[in-house]
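There are 2 protein chains.
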Amino acid sequence: MAKISKANITISDIAESAGVSKATVSRVLNSPELVDEKTREKIEKVIKENHYSPSATARNLSKQISSTIGVIVPEISNTFFGELFEGIEEITNKNNLSLLYCSNDDNKEKDFKALDMMRTQRVRGLIYIPAVNYKELGLLKQVQQRLDGLAGPVICVDRSIGLRCDEIYFNDRKAMYEAVKALAVDGHKRIAIINGSKQNVLAEERHNGYIDGLKESGIEVDESIIFRGDYKYSSAYSMTKQMIKLENQPTAVITCNNSISKGFLKAIYETGKSIPDAYMHIGLDKIEMLNLLGIPYNHIERDSYELGKRAVEILINRIAFPETKLQQVVLQAELELQTCRLVKM
Amino acid sequence: MAKISKANITISDIAESAGVSKATVSRVLNSPELVDEKTREKIEKVIKENHYSPSATARNLSKQISSTIGVIVPEISNTFFGELFEGIEEITNKNNLSLLYCSNDDNKEKDFKALDMMRTQRVRGLIYIPAVNYKELGLLKQVQQRLDGLAGPVICVDRSIGLRCDEIYFNDRKAMYEAVKALAVDGHKRIAIINGSKQNVLAEERHNGYIDGLKESGIEVDESIIFRGDYKYSSAYSMTKQMIKLENQPTAVITCNNSISKGFLKAIYETGKSIPDAYMHIGLDKIEMLNLLGIPYNHIERDSYELGKRAVEILINRIAFPETKLQQVVLQAELELQTCRLVKM
DNA sequence: TGGACATATGAAAGCGGTTTCATTGAAGAA
DNA sequence: TTCTTCAATGAAACCGCTTTCATATGTCCA
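Chains as they are written, first to last, in our numbering: chain P, 5 to 349; chain F, 5 to 349.
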């Protein structure tokens, strides 16, 4: 029972040093109640003395399952996803699961590569935010095939593109509908929208909510104030500049994620205009700093930390009970209007 | 060569279906030049038809190395770390390495747990931001032991606590020194600092830089305007409130990370004061939105995306050449004073 | 006293790959 | 023609762990 002088200590070393078989050591590790107390204590002592820690690789291979959960996310530096990720981590950590991370940059090729990696890594389950609207592109089958090839179940988060798996997302359409209605009630008749591309499901959802709201309020759809870019700061910035030059100005603007909102605000402030004097504005997702500084910021609030936590819980449940019916969980996005002043008419 | 009807296709299935041995299939996967073209094509066809993807688990076990890099980070929702993480991901992705993520919440217990997990997972290398200043706590040996027990090398990022491994961090002390000097040159004699706790190395570095700057400028150190909290928003907020009540007010304030800066700003704005009228202010790390909105924000700029990229490069290099001398890379933090107005004296 | 049963342990197979070593056949050299 | 060399492949061991199955020992009861 002397210290083992070796770089990589294995279960065999421990067994030998303790004078027992590998099987017994393995039992101490996995179901200690099966082994005699004296034997167990002896083995535990050897394990401790040598700082032995069993290899997850070997264990996973042997058990035919891994202890890691995969996550595929667009971009982690957007705080919406950053907080989502923290929510995920809280729960996986509690359950002693590791997290394998991959970003897809809203990009089909990277997304496929990420899925392949998750396959190769045989993750126990996958938390998946699809990069693009594969349904629209006619690639749904290809993606589904990849999901089916995974070792574990998948939960599709933040957007629904028609994949055969559990889903959890916010009710963006309804929230947009309500945003438009709130603006209409305040007297706005020309409500612009700056949105992501048609390839993005969420953009479509939001677009539809916008249309719903207009119709309900008896406002005619005007294509000239419907802007579609790519959910990125820079495209929103240039579209806003474009909008500012329009002859027939909107009186209110809705921006469809926080990067777009930032690009929009940048363009506005650069031009010397201000919110809400130039335009009434409602953004999607909060922008923490604005709130902190007391700058009015009407927005649709979505708690992504909660989204992350719930997603993992559903996934873990699915792993435990693979055969139960697939579920779609819809979280409510809340319209937070802090300073929705009336417009002069 | 018919389609294999089976859930988990293994290398043996492929071998059988192609009428060759496992060894040959393995060669096609790893060193195709060793196998005859015809055989190779046949095998590749079978692989493709069956969507076979080799198990990383099995491969890792067999090769005795894994293909994943571990990352231990305080909190991913702080954009400093978010961008750091994206930098990391860019390089690992290029090198076909997976990323195993773990947060430590600036918390010793979680940090140790994370290290143990990295050990168990046998990561190929580790990117490590230590939770606390273990040197100060007398726990350096324990941590070093954990690092030594890992399967691969470690790079310690963003702070140096005296661990035996490669390191990369910003020259915070110098940047702080320069910040203080710039304020002194502008006529400030009472410069407050809101900082993290003494347990945090970075906080100490920054503190020292602050003291250096005061001394160099012939300003006496005044403990009553040196605030120490925990690098969190809320503690900064309450310390600022406390500061505002002080009889002998400072004329300038330095805040030592972006969470502290936010807490500080919140308290300031809430009190109806404004920057830079109430206090001249220099923060550490940028706050993106302020810049966007044209709100003046003097700060020390640290490019964490770059930090992440460099860290992985060093780590990969270390994996390739384990015996070369350990390196310490110091990146320069840049003082960005956008509107450093003179104070009335 | 002997048989049934429970408890504690070990031997060995298996997880899905890689790698070493041996074997085979063909090409080139003598 | 025979010997050498090399390219292509397969058999089998191995990586570190889990798990099944068999065995040994002890306990209980008839």
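Backbone N, C-alpha and C define an ideal beta-carbon position, used for all residues, glycine too.
Tell whether a beta-carbon distance below 7 Å holds between Tyr214 of chain F and Val189 of chain F. no
Use the C-beta contact count for Lys290 of chain F: other C-beta atoms within 10 angstroms, 16 or more gives buried, fewer gives exposed. buried
Give me, in chain order, the residues of the same chain whose beta-carbon lies closer than 8 Å to that of Thr96 of chain P; leave out the 5 immediate sequence neighbours on both sides. Ile73, Ser102, Leu103, Val316
Note down, one range per segment and in chain order, each alpha helix (DSSP H) of at least 4 residues found wholly within the segment 238-324 of chain P. 262-274, 292-296, 308-324
Go through its chain and collect everything with a Cβ distance to Lys26 of chain P's Cβ below 7 Å, but skip five positions before and after it. Ile15, Ser16, Ala19
Between P:Ile47, P:Asn82, P:Ser21, which lies nearest to Tyr237 of chain P when the distance is taken from Cα to Cα? P:Asn82
For the putative contact between Asn212 of chain P and Val334 of chain P, defined by C-beta atoms under 8 Å, what is the C-beta separation to the nearest angstrom? That belief does not hold up - the Cβ atoms of Asn212 of chain P and Val334 of chain P are roughly 15 Å apart, past 8 Å.
Can you look up Arg345 of chain P in the DSSP assignment and give me helix, strand or coil? Note on Arg345 of chain P: pLDDT 38, under 50, position unreliable in the model; no value is reported.
If we define contact as Cβ-Cβ less than 7 Å, is Ile318 of chain F a contact residue for chain P? no
Report buried or exposed for Thr328 of chain P, applying the criterion of at least 16 other Cβ atoms within 10 angstroms of its Cβ. exposed
Given this structure, state the Cα-to-Cα distance separating Tyr301 of chain F from Glu338 of chain F, to the nearest angstrom. 14 Å
For Ala271 of chain P, collect the residues of the same chain with a Cβ closer than 6 Å to its Cβ; drop the 5 residues on either side in sequence, then sort them by chain order. Tyr241, Thr244, Lys245
Against Ala60 of chain F, what residues of chain P qualify as contacts under a CB-to-CB distance less than 8 Å, listed in chain order? Thr124, Gln125, Arg126
Going along the chain, which residues of its own chain have a beta-carbon closer than 6 Å to the beta-carbon of Arg194 of chain P, five neighbours each way excluded? Pro254, Thr255
Under 8 Å: do the segment 133-142 of chain P and the segment 160-176 of chain P share three or more Cβ pairs, one atom per stretch? yes
Residue from P:Asp40, P:His55, P:Glu87, P:Arg44 whose Cα sits closest to the Cα of Asn12 of chain P: P:His55
Mind reading off the beta-carbon distance from His303 of chain F to Glu340 of chain F? Whole number of angstroms is fine, and I expect it under 8 Å. 6 Å
Boundaries of the beta strand (DSSP E) in which Val77 of chain P is found, first to last residue: 72-77
Along chain F, which residues have their Cβ under 7 Å away from the Cβ of Phe89 of chain P? Ile80
Using the rule of at least 16 other Cβ atoms within 10 Å of the residue's Cβ for burial, across every protein chain shown, is Phe325 of chain P buried or exposed? exposed
Put Arg150 of chain F into one of helix, strand or coil per three-state DSSP. helix
Show which residues of chain P have a CB atom less than 8 Å away from the CB atom of Glu41 of chain F. The premise fails here: Glu41 of chain F is roughly 25 Å from chain P at the closest Cβ pair, so nothing lies under 8 Å.
Which residue from P:Phe116, P:Ser308, P:Leu294 puts its Cα closest to that of Ile172 of chain P? P:Ser308
Are any of the Cβ atoms in chain P nearer than 7 Å to that of Ser57 of chain F? yes
Taking only beta-carbon atoms, is Glu37 of chain P less than 7 Å away from chain F? no
What are the start and end residues of the alpha helix (DSSP H) that includes Tyr138 of chain F? 138-141
When the Cβ atoms of the segment 255-267 of chain P are set against those of the segment 199-211 of chain P, are three or more pairs found closer than 8 Å? yes
Of all Cβ atoms in chain F, is any one closer than 7 Å to the Cβ of Lys46 of chain P? no
Under the three-state DSSP convention, the category Glu359 of chain P falls into: Here chain P covers residues 5 to 349 and nothing more, so residue 359 of chain P does not appear.
Between Gly233 of chain F and Asn137 of chain F, what straight-line distance do the alpha-carbon atoms span, to the nearest angstrom? 15 Å
Where do the ends of the beta strand (DSSP E) carrying Leu339 of chain P lie? 338-340
When DSSP builds the beta bridges, which residues end up paired with Arg44 of chain F? Per DSSP, none; premise fails for Arg44 of chain F.
Taking buried to mean at least 16 other C-beta atoms within 10 Å of its own C-beta, is Asn34 of chain F buried or exposed? exposed
Report the residues of the segment 95-112 of chain P with a CB closer than 9 Å to any CB of chain F, ordered along the chain. Asn97, Asn100, Ser102, Leu103, Leu104, Tyr105, Cys106, Ser107
Exposed or buried, which one is Asp170 of chain P when buried takes at least 16 other CB atoms within 10 Å? buried
Report the three-state DSSP secondary structure of Asn199 of chain F (helix, strand or coil). strand
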